[in-house]
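Heads up: the structure comes next, in structure tokens.
Chains as they are written, first to last, in UniProt numbering: chain A, 1 to 420; chain B, 1 to 420.
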């Protein structure tokens with residue numbers, strides 16, 4: 001916390017900060033007398049304050065600690081992550097303003113971002129999935145967000161000059177990348193003090209993950225791809241806890257893990273977390289609601305998300321094929337048959353990457369350090385272990401055999417065909 | 001040339017520069033009275049002066065123009081490439097000092113590098129290959145250079161922190177990367193004012209390259225890999241003109257195209273240029289020397305280079321498997337069977353990458369802007385075209401079918417099996 005000029009704000013000093021910041025005063029219509037301030041951070045990385053005045057509102061997110069609270073000072077983290085989060089919110093917002101909260105103010109010294117307050121009834125998507133709520137526009141919106149942000153920050157859209165400059169900048173977000181590398185691609189596959197699982201039920205399952213040679217070979221390939229391949233500006237943590245929803249709104253938040261990385265890491269994170277939500281449903285079933293219909297809705301969302309993503313992404317590619325993107329120059333990919341072949345190959349590879357990363361994200365949520373509320377909220381440990389084991393087995397198969405799936409429909413059919 | 005403080009040196013001002021630079025005076029034993037200075041630049045990118053005194057010598061390389069001479073001012077190039085060349089000479093020299101000339105002095109403002117003079121009988125390897133000279137240590141030395149420089153700048157050797165920082169720096173060498181992207185991966189596959197070939201003999205062959213959908217799909221994959229994948233600090237232009245040799249010395253020069261890129265780009269450049277040398281031999285045969293034995297020697301060099309590379313690279317990996325490299329943590333890849341599987345998979349993928357990039361480098365030397373002296377020195381155009389066509393056909397096959405080759409021996413057999 002020795003950073004020059006930085007001080008962690010509390011509710012009182014936050015008001016002083018707002019008063020001294022014209023852009024924030026202006027967002028509140030300069031009505032600062034009766035501000036309601038509420039701290040709503042999840043306790044992992046940041047303090048989050050909701051600030052509501054009589055004439056306006058916003059959220060203030062400040063990275064209060066140079067380390068992650070849940071793990072303690074042994075895991076140092078730079079406060080510069082606020083910078084990468086702000087830059088990414090702006091960049092992704094530029095390409096998909098309807099799905100990303102607007103940034104009103106960024107203070108690099110204070111590691112502080114002021115952005116749109118996502119008013120009630122916005123809730124974290126994960127909580128909605130646990131509650132069994134359907135969001136009719138979810139696949140439409142998420143496919144829009146992913147297709148636009150990933151396409152427009154890739155070499156399909158911009159020149160290699162722009163790309164290498166942007167890649168260089170985001171190489172600076174290395175500490176959060178290292179966290180991803182460790183918790184997603186390494187810790188679950190070895191003994192680690194941070195790993196945990198529903199014990200004793202899954203003791204043997206966790207051990208089996210650590211002893212699965214074929215699985216570890218595939219994970220190595222994905223880890224190298226994550227570390228080496230600067231395909232697009234990815235959100236970097238696109239699970240269902242990074243999405244806020246209402247019946248007709250979908251907003252993607254918290255891109256502090258952003259980096260130029262493989263597109264499949266984002267798509268896989270979202271789809272993988274939907275699959276986790278699917279497998280958790282049996283633990284939330286009760287006599288009133290057996291969740292069977294809801295499980296089918298989740299599967300439909302998985303299928304629709306990928307299929308709509310594919311459609312929107314290739315449509316963007318069609319629209320911009322004569323633009324400044326340099327991966328497929330129009331003078332080279334100049335006949336419709338070849339162009340279509342190129343798109344099909346690209347999308348098939350991207351599906352396989354997405355399934356691989358999605359499976360890796362599922363595994364780490366069951367036997368790694370950070371679990372998901374979908375399962376954690378199942379209080380009966382044996383029931384929770386049953387749900388987690390089914391998810392884990394499916395994820396292991398998916399990671400190892402991802403290349404045999406030609407469409408997302410085949411993946412959904414594989415889930416439906418599982419014995420219960 | 002408006003860069004502050006920069007001035008292009010001629011022989012006279014070079015002497016003044018040396019006199020004003022203590023490290024250079026010292027290299028000459030402070031004997032500056034009878035300096036012999038010779039300009040030996042190849043006219044493409046740089047001025048190169050050999051400076052020989054009575055008590056010492058060195059080479060001065062200065063990037064004299066902010067654009068490439070052969071193409072003219074329409075193709076602007078930053079002088080900063082001297083910086084990346086100097087950094088790479090030092091970094092590669094750190095890992096493989098016996099195969100990289102020592103840097104004595106670097107002046108960033110002047111875009112000037114002073115380095116070891118590779119005294120006679122050092123000649124450019126390509127010229128030796130055209131003359132039909134065997135270099136008994138060539139495969140041993142080149143495999144040593146490639147294995148050490150590529151391994152030690154990859155995630156097999158260093159942490160992701162070190163890696164991302166180095167990747168960020170080399171993103172700055174984007175103008176030379178763009179040149180590679182254009183001349184290797186784009187121009188040969190479209191109409192371009194820069195393309196040329198042995199006309200009219202190869203008119204139809206050049207057109208066939210531009211109309212080969214399967215080839216263009218594969219080239220797209222390689223281009224994306226080159227632009228996106230930061231696997232190791234590659235030389236970036238490792239053809240047989242970037243290597244100086246004697247009977248027992250091998251020195252790699254001119255890494256101004258260096259970037260963090262796919263390892264296969266370097267390995268492929270070297271092997272692809274050896275294959276070009278092979279196919280050019282029929283054009284150099286005469287009644288005294290039919291070059292048959294020499295062709296077999298080249299094939300042996302191709303085979304030995306890869307096989308020795310593979311051996312040295314995996315030996316380095318064995319030695320450093322408990323080190324700071326983060327791609328394959330020893331706690332995860334902790335049993336001998338798994339470790340061996342991981343190495344085999346890595347090397348098989350690397351062979352396929354190398355064959356792909358090698359083939360692309362061959363194609364561009366026959367139908368792209370910059371040709372090789374191996375063919376250019378065959379004065380009979382119809383004989384030259386015959387040699388080039390055989391090389392081109394082999395390269396097209398290799399690029400499209402590279403994944404069916406499990407060993408380099410299979411590649412050599414495929415060359416030997418070609419009808420003459």
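A virtual CB, placed ideally from N, CA and C, is assigned to each residue, including glycine.
Closest by C-alpha distance to residue 205 (chain B), when choosing among B:301, B:392, B:346, B:190: B:392
Classification of residue 10 (chain B) by the beta-carbon crowding that lies within 10 angstroms, buried from 16 upward: exposed
Closest by C-alpha distance to residue 263 (chain B), when choosing among B:82, B:15, B:150: Per the Cα distances, B:150.
Buried/exposed call for residue 251 (chain B), threshold 16 Cβ in 10 Å: Looking at its Cβ environment, which holds 16 or more other Cβ atoms inside 10 Å, residue 251 (chain B) is buried.
Beta-carbon proximity of residue 85 (chain A) to residue 52 (chain A), cut-off 8 Å: no
Nearest neighbour of residue 186 (chain A), chosen from A:130, A:235, A:210, A:233 [CA to CA]: A:210
Short CB-CB distance (under 8 Å) between residue 195 (chain B) and chain A: Under the 8 Å criterion on CB atoms, residue 195 (chain B) is classed as non-interfacial with respect to chain A.
Touching by the beta-carbon criterion (3+ pairs, under 8 Å), the segment 156-176 of chain A and the segment 154-174 of chain B: yes
Spatially closest choice to residue 299 (chain A) from A:231, A:281, A:225, by CA coordinates: When each option's Cα is compared against that of residue 299 (chain A), the closest is A:281.
Residue 80 (chain B) to residue 366 (chain A) span [Cα, whole Å]: 49 Å
For residue 380 (chain A), the three-state DSSP class (helix, strand or coil): coil
Local Cβ density within 10 Å of residue 255 (chain A), reported as buried at 16 or more and exposed below that: With 16 or more other Cβ atoms inside 10 Å of its own Cβ, residue 255 (chain A) counts as buried.
Touch test, the segment 122-139 of chain A against the segment 189-202 of chain B, Cβ-Cβ under 8 Å, three pairs minimum: no
Residue-level contact to chain B via CB, residue 404 (chain A), 8 Å cutoff: no
Partners in chain B for residue 161 (chain A), counting only beta-carbon separations shorter than 7 Å: Within chain B, the residues whose beta carbon sits less than 7 Å from that of residue 161 (chain A) are 174, 178, listed in sequence order.
N-terminal and C-terminal residue of the beta strand (DSSP E) that residue 283 (chain A) is part of: Run containing residue 283 (chain A): none in the beta strand (DSSP E); it sits in the alpha helix (DSSP H), 263-284.
Residue 163 (chain A) vs residue 227 (chain B) beta-carbon contact at 8 Å: yes
Cβ contact (3+ pairs, closer than 8 Å) linking the segment 397-408 of chain A and the segment 211-226 of chain A: yes
Beta-carbon proximity list for residue 243 (chain A), same chain, < 6 Å, skipping 5 on both sides: 125, 252
Residue-chain proximity (residue 224 (chain B), chain A), Cβ-Cβ < 8 Å: So, interface residue.
Which listed residue (A:83, A:140, A:416) has its alpha carbon closest to that of residue 293 (chain A): A:416
Against chain A: residues of the segment 321-342 of chain B by CB proximity under 8 Å: 326, 327, 328, 329, 331, 332, 333, 334, 335, 337, 338, 341, 342
CB contact below 8 Å: residue 389 (chain B) versus chain A: no
Cβ pair residue 301 (chain A), residue 414 (chain A) closer than 8 Å: In this structure, residue 414 (chain A) does not lie closer than 8 Å to residue 301 (chain A) by Cβ.
Sequence-distant residues of its chain with Cβ nearer than 7 Å to residue 295 (chain A) (five each side left out): 278, 281
Residues near residue 183 (chain A) in its chain [Cβ-Cβ closer than 8 Å; skip 5 each side]: 194, 364, 368, 369, 370
For residue 112 (chain A), the residue or residues it bridges with in DSSP: A:62, A:107
Residue 326 (chain A) versus residue 412 (chain A): straight-line alpha-carbon distance, rounded: 35 Å
Best match in B:261, B:247, B:225 for proximity to residue 121 (chain B) [C-alpha to C-alpha]: B:247
Beta-bridge partners of residue 49 (chain A), as assigned by DSSP: A:39, A:60
Nearest to residue 354 (chain A) (by Cα), restricted to the options A:266, A:93, A:58: A:266
Residue-level contact to chain A via CB, residue 81 (chain B), 8 Å cutoff: Using a Cβ-Cβ cut-off of 8 Å, residue 81 (chain B) does not count as an interface residue toward chain A, since no Cβ of chain A sits closer than that to its own.
Reference residue 105 (chain A), options A:123, A:21, A:46, A:96, closest by Cα: A:21
CA-to-CA distance, residue 350 (chain B) to residue 36 (chain A), given in whole angstroms: 59 Å
8 Å Cβ cutoff met for residue 213 (chain A) and residue 303 (chain A): no
Buried versus exposed call for residue 419 (chain B) [16 or more other C-beta atoms within 10 Å across all chains shown]: exposed
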